[in-house]
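In what follows, a single structure is set out as structure tokens and then discussed.
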Amino acid sequence: MAKLLDKQRYKCALGAMQTVQAITRAIPILHSGPGCAQKLSDSTGGSGYFSPNIFPCTSINEKDVVFGGVKKLHSTIDNALKVIDADLYVVLTGCIPEIVGDDTQEVVSEFDRISQQERFEEAGGDPGKFVYKPLIYASTAGFKGNNYKGHEQIIDAITDQYLKRSDDRQKGLVNIWADVPYQDLFWLGNIRELEKLLSEIGLIPNTIFGYNRGIENIDKIPHAEFNLLVSPWVSVRNMKKMEKKLGIPYLHYPTLPIGAYETSKFLREVGAFAGVDEQKIQKVIEEHENYYYYLIERYADLFLENRVINKEFSVIADAQYALGITKFLANDLGLIPAKQFITDDTPKEYQAAVREEFKKLNYGLQADAVFETDSYRIHNEIREHDYHGYPLILGSYYEKELTESLKGNYLNIAWPVQDKVVFDDFYAGYTGGIRLIEDIYTVAVQRFN
Amino acid sequence: MSYKIAAASSDHINIDLSFGAAQAFDIYEVEDGRYSLAERRIYNAPDGCITEGCGSLGCGNGGAKGCGGEGNSPKVDMLSDCRCIICRKIGFNITKQLEKKAITGFDVDCTAEEALEKITDYYSRLDAHKSLRGFAKEDLRQDF
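As given, the protein sequences belong to chains A and B, one line each in that order.
FYI, the numbering for the first sequence is 1 to 449, going by our numbering.
FYI, the numbering for the second sequence is 1001 to 1144, going by our numbering.
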């Protein structure tokens, strides 16, 4: 686990309650202290049918440490099932019950068995009237890791406790897994754009997060032909588990495709894996690229005005964005990468592979990427680096003041976010690349106003 | 380190009284993790208070300052030398008043013996800066 001294850029594993929240009509039931959900729910865009302020919580205190919190957990689950109309209930544990050793798993599985039985009897044994309320459990104690790991725990819990292997596979159906909801500002827009791209090459995308997705989509997971993971390391573990338990193969595409170069590469690779006709893919790519380069051409005067944009850039973000944006800015915009900072506490076993990806840039470029969670050190390195002029910094809100002091251009693309409101905007795909250029140049041109 | 625990019990065996209803508290003295009954402290309600346990009635007695009045309840003052108080139920106001004096209120449904065992074990660990890992599991606790 990382040692943090200054300004952390992720939350504890219990932050994965936002992953549950992103599944429509799924609700987390927290077995934690009373302040946890409040503290973890700081991002905007978190209200709705369920919001962190109404998440059922055992609110355990000193008494529950001494006498055990199992009874309270039992009554909290019981009442949540009675008063909250949801499709999926996910019990999440915080640090305290995990340390003292409340056997949450035991309570949940026992409760699930008995309450389902009771409801079945209430329905008079009629499967048509019986309302099945799936109840699962994920261990998300803060000391076990950050919310990227917590996110993996949720997907694992769904795989382990809810999904069942199926031999009935739907041709062309692909489960897409990408960003960590809410932690990533653009999670909703990105996943919809990836869905759109896959549809265009004739595949049927299936995702579980966001509007109009939910338990039906979770039910579809075992019927997919394969899983597509677009992320450097988050959820690799989940893909392996699904491969083992559900027999679904996976394609791991480590770079979030932003802009024409990477997106075309992405479509070719996914198409090849799925066995889509190459000409069909080529047609889709051409259509998109034509429009993309039409836009680029129109603004070539802006790009060629070398006073406008910075010579070198640094991205300070999780592996997903640090990698995606670095590739985009180097390959598509021809900017030179300075040092890139990966702040998501990437597990050691994935670090070499992620670092390697930063070396695969066009024009013989290579980016130096470091795994660093301590903002003090990151800021020192940025201050000391010679950007051959003012820097372009894409990072979290913590970098705003620093960039101002360096008279650089700054864009808030990673958590914590205070400088940007994003509903369903996205950076993925061809359109996403254009959006990112718009955002960067909007900042850049303001300098000369 | 020695400290005191107050228990609201009518028969010295079960924790069967709420804080409001208790007219007397068993005071246990804990020395080196071992507890013993030291005294039975009787509460003398100030004039004007309902002595038979105000419970849900809530007298709001301004003079006695109990039951939702401002300031401290005299019953809390009477127990201010204790580290924690064990009873069947404790109201929100009293819990807040106890917290101000750094006294923990435990509302439990068990025997005095069970409560005292668990609480003294808990405090022993806290005082010795020992981990509470596995504290909720009975079998692990006995190993301590």
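Each residue gets a CB set at the ideal place from its N, CA and C atoms; glycine is no exception.
Query                                                                                                                                                                                    : Result
Where does HIS385 (chain A) fall in DSSP's three states?                                                                                                                                 : coil
Measure the C-alpha to C-alpha separation of THR431 (chain A) and TYR441 (chain A) and round it to an integer number of angstroms.                                                       : 15 angstroms
Determine the direct distance from the alpha carbon of ARG1088 (chain B) to that of PRO491 (chain A), and round the result to whole angstroms.                                           : In this structure chain A extends from 1 to 449, so residue 491 (chain A) is not present and cannot be described.
At what residues does the beta strand (DSSP E) containing TRP177 (chain A) begin and finish?                                                                                             : 173-177
Taking the alpha-carbon positions, what's the TYR356 (chain A) to ASP368 (chain A) distance?                                                                                             : Note that residue 356 (chain A) is Glu in the sequence shown here, rather than Tyr. If you take the alpha carbons of GLU356 (chain A) and ASP368 (chain A), they lie about 10 angstroms apart.
What does a CB cutoff of less than 7 angstroms around HIS74 (chain A) pick up in its chain, not counting 5 residues either side in sequence?                                             : VAL107, PHE111
Pull up the distance between the alpha-carbon of PHE426 (chain A) and that of CYS57 (chain A), whole angstroms please.                                                                   : 33 angstroms
So the alpha helix (DSSP H) LEU1098 (chain B) belongs to, where does it begin and stop?                                                                                                  : 1092-1100
Nearest-angstrom Cα distance between GLY1066 (chain B) and LYS144 (chain A)?                                                                                                             : Confidence at GLY1066 (chain B) is low in this model, with a pLDDT of 46, below 50, so the placement of that residue is unreliable and no value is reported for it.
Counting C-beta neighbours from all protein chains within 10 Å, is the total for ASP344 (chain A) 16 or more, i.e. buried, or is it exposed?                                             : buried
Give a yes or no on whether the C-beta atoms belonging to TYR182 (chain A) and GLN18 (chain A) are separated by under 7 angstroms.                                                       : yes
Looking only at C-alpha atoms, which of A:PRO28, A:ALA80, A:ASN147 sits nearest to CYS12 (chain A)?                                                                                      : A:ASN147
Given that a residue counts as buried once 16 or more other Cβ atoms are within 10 Å of its Cβ, and exposed if not, what is HIS379 (chain A)?                                            : buried
Where does the unbroken beta strand (DSSP E) through GLY1105 (chain B) begin, and where does it stop?                                                                                    : 1104-1107
Hey, does PHE1019 (chain B) have any beta-carbon neighbour from chain A nearer than 7 angstroms?                                                                                         : no
Report all residues from its chain with a CB closer than 6 angstroms to the CB of VAL284 (chain A); omit the five preceding and five following residues, and keep chain order.           : GLU200, ILE201
Taking 7 angstroms as the CB-CB cut-off, is THR1111 (chain B) touching chain A?                                                                                                          : no
Could you compute how far the alpha carbon of ILE158 (chain A) sits from the alpha carbon of ILE54 (chain A)?                                                                            : 22 angstroms
Using a Cβ cut-off of 9 angstroms, which residues of the region 99-114 of chain A contact any Cβ in chain B, in chain order?                                                             : ILE99, VAL100, GLY101, ASP102, ASP103
Along chain B, which residues have their Cβ under 9 angstroms away from the Cβ of LYS144 (chain A)?                                                                                      : Result: empty, since nearest Cβ-Cβ is about 14 angstroms, beyond 9 angstroms.
Taking the runs of the alpha helix (DSSP H) that are 4 residues or longer, which of them lie wholly in the region 79-108 of chain A?                                                     : 95-100
CB-CB under 8 angstroms to GLY172 (chain A), same chain, minus the five flanking residues each way: which ones, in chain order?                                                          : GLY202, LEU203, ILE204, GLU225, ALA274
So, is VAL83 (chain A) buried or exposed, given that buried needs 16 or more other C-beta atoms within 10 angstroms?                                                                     : exposed
Using 7 angstroms as the limit for Cβ to Cβ distance, is GLY1134 (chain B) near chain A?                                                                                                 : yes
Counting only C-beta atoms, is THR1120 (chain B) closer than 7 angstroms to chain A at any point?                                                                                        : no
Contact defined as beta carbons within less than 8 angstroms: I believe ASP184 (chain A) pairs with GLN320 (chain A). What is the distance between those atoms, to the nearest angstrom? : 7 angstroms
How far does the beta strand (DSSP E) with GLU1039 (chain B) in it extend, from its first residue to its last?                                                                           : 1034-1042
Closer than 8 angstroms between beta carbons: that is the criterion. Which residues of the region 46-78 of chain A meet it against chain B?                                              : GLU62, LYS63, VAL65, VAL66, PHE67, GLY68, GLY69, VAL70
Which one of A:VAL66, A:SER32, A:GLY101, A:ALA80 has the shortest CA to CA distance from VAL1108 (chain B)?                                                                              : A:VAL66
Where does PHE448 (chain A) land, buried or exposed, given buried means 16+ other C-beta within 10 angstroms?                                                                            : exposed
Is there at least one Cβ from chain A nearer than 7 angstroms to PHE1092 (chain B)'s Cβ?                                                                                                 : no
Hey, out of A:THR346, A:VAL308, A:TYR387, whose CA is closest to VAL443 (chain A)'s CA?                                                                                                  : A:VAL308
Within 7 angstroms of any Cβ in chain A, is that where the Cβ of THR1104 (chain B) sits?                                                                                                 : yes
When the Cα atoms are used, what is the spatial distance from VAL20 (chain A) to THR104 (chain A)?                                                                                       : 18 angstroms
Just checking: is the beta-carbon of LEU1057 (chain B) within a distance shorter than 7 angstroms of some beta-carbon in chain A?                                                        : Note on LEU1057 (chain B): pLDDT 44, under 50, position unreliable in the model; no value is reported.
Is the separation between the beta-carbon of LEU323 (chain A) and that of THR255 (chain A) shorter than 7 angstroms?                                                                     : yes
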